[in-house]
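Notes follow once the structure below has been shown.
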Amino acid sequence: MDVLEKCRAWTAEHRRDAGGDCYYRAISETFDGTEVEFEGARVIMAASHDYLGLSADARVREAAVRAVRRFGTSLGGSRAVSGSLRLHEELENRLAQFLGQEAAAVLPSGYQANLMLAPLLQDGDYVFSDLSNHASLDEVIRLGEAKERKFLHSDVAHLKELLASAASEAGKMILTDGIFSVEGDICVLPEMMKLADAHGAHVVVDSSHDLGVLGPNGAGVADHFGLRPLLVTSALSKSLASVGGVIAGPTEVIRYLRFHARTSMFTAAASPANVAAALAALDILQAEPQRRARVLDLAEQLHNGLRALGYDTGASVTPVVPVLVRGRERCLRMWRELCRAGVFTAPMTYPGVRAGREVLRITLTAGHTDEQLARLLAAFKEVGRREGLIPGTLHEGPAPVRIVRPATLPTTRAAAG
Ligand SMILES: Cc1ncc(COP(=O)(O)O)c(C=O)c1O
965 MDVLEKCRAW TAEHRRDAGG DCYYRAISET FDGTEVEFEG ARVIMAASHD
1015 YLGLSADARV REAAVRAVRR FGTSLGGSRA VSGSLRLHEE LENRLAQFLG
1065 QEAAAVLPSG YQANLMLAPL LQDGDYVFSD LSNHASLDEV IRLGEAKERK
1115 FLHSDVAHLK ELLASAASEA GKMILTDGIF SVEGDICVLP EMMKLADAHG
1165 AHVVVDSSHD LGVLGPNGAG VADHFGLRPL LVTSALSKSL ASVGGVIAGP
1215 TEVIRYLRFH ARTSMFTAAA SPANVAAALA ALDILQAEPQ RRARVLDLAE
1265 QLHNGLRALG YDTGASVTPV VPVLVRGRER CLRMWRELCR AGVFTAPMTY
1315 PGVRAGREVL RITLTAGHTD EQLARLLAAF KEVGRREGLI PGTLHEGPAP
1365 VRIVRPATLP TTRAAAG
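If you're matching positions, the sequence shown starts at 965 in the working numbering and goes up one per residue.
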C-alpha cells in the first residue's frame, strides 16, 4: 500500500472535523504574555505555561537580544563539534546548582532532554512509567531497549507489584512527571523513592511544570519534598520563558549521555538567544519569589472560582488547572465558544488525553491581573451555562482547593491587604 494512503484515509475521515479549527491556530500578536490577538479580537491567553510571566519581562528580552548581537542567531552545529558556547556551560552550571545536582546538559528542547535517557534503557533493563507521563517519556521508552511496565497514575501499590515481578538483578528505572501536565496533581515522589531503594531502581523526574512553581527555592518537586532523584529533566519553555531542555544528575551520567545520546550528539546547539533568556529568567526566578507567590495565589482563586460555578478541576492542586469536560465534541465546542467570549484555553483531547478524559486546560501566569481572572470566570460562567455544562444555580459545589505552596512563601493577597 502507498505510504500516503494513511494521509488520504485520515483526511477523508476527518474532512469535517478533526478539531482542525481548534489546533495549530495562529495568533497574530501577543500583549505582555497575558493577552493575544486571535481572529481579529484581543483575548486572554490562558493556555501558556510561562508561569512566572517572564517571556514579557524586559530583562529577559534584553538578554536574548544581547546574545543575538554578540553570537548571532544560530551556532550552525552540534554542541559536540562547533556549537558549544561558554554561555551553554554557564546555564548548565547554574541549573545543576539550582536543581541540587552535580551536572547538567542543556538541549534545544524539553522533548530532547527526555530522549537523552535512551542509552540508559538497555536490553534486559526495566522501565516503569506513570500512565499519565508526558509523551516524550513514552517516546524515550520506544527509543530504548528496556522492557516497559506502565503503572496506573500515581498508584504506588501497582508500581510495587510491577517492581516485585521484575528480575531482581535487572537494571530498573522509574519515570514520572513532577506536576502532571494535564491532571495538575503532584507525583508521589517520596513513596516512589522508597520503593526504588527497596528494589534497586533509580528515579527520573520530569520537572517541566514544577520548576519555578514548587519547593521553598522554586526548584521543583524534588525541592518540594527535600529529596534528590537520580536525574531531573525539564523544559525551559515554561517558568524559564525560553525554548530548550535540561537533564541534570551525577557528573558521570551526564557525561556518558552527552556522548551516547544521539539526541545530543546529532542535533544543533540551543540558540544563544534561548540560552541567554533562560539564564536571565533563572536570575529573576531566584531573586523574585513573589512571582511564584502570585502564580500560586491566582491558581487558587482560579480553581475555586471555577468550582464555585460548578466546574470540576479534578485532583489538581497546582497552577495546571484542568476543567473536566468529558467528550471530544463538547470540549472543542466549549473551546470555540470561550474564544468568542474572550478566553483562549487549551483543549486536551486524544492523543493528549485518553478518550473520555477530555479537559480544557487553563494556566495563568504571574503577569495576569485580578481583572483578567474576573473576565475569564465570567466567560466560563456564561459559556458553561449556555452549553449546559454547569447548572444555573449551584447548591453545593465541589470542595475548595488549597494550592500546594511552601510555608515560607507569603501570599500576595495577604500582602495586598
Ligand atoms: C511534562 C513535559 N515534559 C516535556 C515537555 C517537552 O518540552 P518542550 O516543549 O521543550 O519540547 C513538555 C512540554 O510540553 C512537558 O509538558
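Virtual Cβ for every residue (Gly too), placed ideally from N, Cα, C. Keep in mind it's a predicted model, so treat the numbers as computed, not measured.
Worksheet entry | Where the beta strand (DSSP E) through D1170 begins and ends | A1165 to D1170 is the extent of the beta strand (DSSP E) around D1170.
Fill in: Ordered list of beta strand (DSSP E) runs contained in the stretch 1170 to 1240, each at least 3 residues
Note on the stretch 1170 to 1240: whole beta strand (DSSP E) runs with a minimum of 3 residues are 1195 to 1199 and 1209 to 1213, in chain order.
Worksheet item: If you follow the beta strand (DSSP E) that M1137 is part of, which residue opens it and which one closes it?
Response: Run containing M1137: K1136 to D1141, per the beta strand (DSSP E) assignment.
Worksheet item: Any idea if L971 is buried or exposed, counting beta-carbon neighbours within 10 angstroms, 16 or more meaning buried?
Response: First, the amino acid is wrong: residue 971 is Cys here, not Leu. So C971 ends up on the exposed side.
Practice prompt. Following the continuous alpha helix (DSSP H) through S1129, name the residue where it begins and the one where it ends.
Written response: Element bounds for S1129: V1120 to S1129.
Discussion item. Please state whether the Cβ-Cβ distance between A1165 and P1315 is less than 9 Å.
Written reply: Not in contact: A1165 and P1315 (Cβ atoms no closer than 9 Å).
Fill in: Reduced DSSP secondary structure (H/G/I, E/B, other) of F1344
Here DSSP, grouped into helix, strand and coil, assigns F1344 to helix.
Discussion item. Nearest by alpha-carbon distance to L1178: which of A1244, H978, E977 and L1373 is it?
Written reply: Considering only alpha carbons, the answer is L1373.
Worksheet item: Can we count V1177 as close to ligand 1, meaning its CB is less than 8 Å from some heavy atom?
Response: No, since every heavy atom of ligand 1 falls outside the 8 Å radius drawn around the Cβ of V1177.
Worksheet entry | Complete runs of the beta strand (DSSP E) confined to the stretch 1286 to 1332 [at least 3 residues] | Runs found: 1310 to 1312 and 1323 to 1326.
Discussion item. I need the DSSP call for F1035, collapsed to helix, strand or coil.
Written reply: For F1035, the secondary structure class from DSSP, reduced to helix, strand or coil, is helix.
Item to complete: Using 8 Å as the cut-off, classify the Cβ of Y1015 as near or not near the heavy atoms of ligand 1, replying yes or no.
Response: Because no heavy atom of ligand 1 lies under 8 Å away, the Cβ of Y1015 does not count as near it: no.
Worksheet entry | From T1215, R1300, G1182 and K1202, residue whose alpha carbon lies closest to that of L1195 | Per the Cα distances, T1215.
Fill in: beta-carbon D1141 near ligand 1 non-hydrogen atom, thresh 8 Å
The answer is yes for D1141.
Practice prompt. Select from E1147, H1122, H1173 and G1148 the residue whose C-alpha is nearest the C-alpha of E1155.
Written response: Checking every option, the nearest Cα to that of E1155 belongs to H1122.
Worksheet entry | Start and end residues, alpha helix (DSSP H) containing T1357 | In the DSSP annotation of this structure, T1357 is not part of any alpha helix (DSSP H), being labelled neither H nor E.
Item to complete: Give the DSSP bridge partners of K1158, in chain order.
Response: Beta-bridge pairing links K1158 to no other residue.
Practice prompt. Please list, in chain order, all residues of the same chain as A1380 whose beta carbon is under 6 Å from its beta carbon, the five residues on each side excluded.
Written response: At A1380, the pLDDT of 43 sits below 50, so the modelled position is not reliable; the number obtained from the coordinates is stated separately. No residues qualify anywhere along the chain.
Fill in: For I1008: DSSP bridge partner residues
Under the DSSP definition of a beta bridge, I1008 partners with E999 and V1307.
Worksheet item: Hey, is S1235 close to ligand 1, as in C-beta under 8 Å from one of its heavy atoms?
Response: No; taking the cut-off as 8 Å, the Cβ of S1235 has no heavy atom of ligand 1 nearer than that.
Worksheet item: How many Å lie between G1361 and L1340 at the Cα?
Response: Taking the straight line joining both Cα atoms gives about 19 Å.
Worksheet item: With C-beta atoms as the reference, is L1063 less than 9 Å away from V1259?
Response: Contact flag unset, no.
Worksheet entry | Integer-rounded CB distance, given that L1016 should sit under 8 Å from R1255 | For R1255 against L1016, the beta-carbon gap comes to about 4 Å, under 8 Å, which counts as contact.
Item to complete: Kindly indicate which three-state DSSP category A1380 falls into: helix, strand or coil?
Response: Annotation note: pLDDT 43 at A1380 (below 50); position unreliable, coordinate value reported separately. Correct three-state label for A1380: coil.
Discussion item. Between which residues of its own chain and I1326 is the CB-CB distance below 6 Å, once the five residues before and five after are set aside?
Written reply: A1010, V1285 and T1309.
Worksheet item: Would you report the Cα separation of K1124 and K1158, rounded to the nearest angstrom?
Response: It is roughly 10 Å from the alpha-carbon of K1124 to the alpha-carbon of K1158.
Worksheet item: What's the C-alpha gap between V1317 and V1146?
Response: In a straight line, the C-alpha of V1317 is about 8 Å away from that of V1146.
Practice prompt. Please look up how many angstroms separate the CB atoms of M1080 and S1228, rounded, as I've assumed it's under 8 Å.
Written response: Yes, M1080 and S1228 are in contact; Cβ-Cβ is about 6 Å, under 8 Å.
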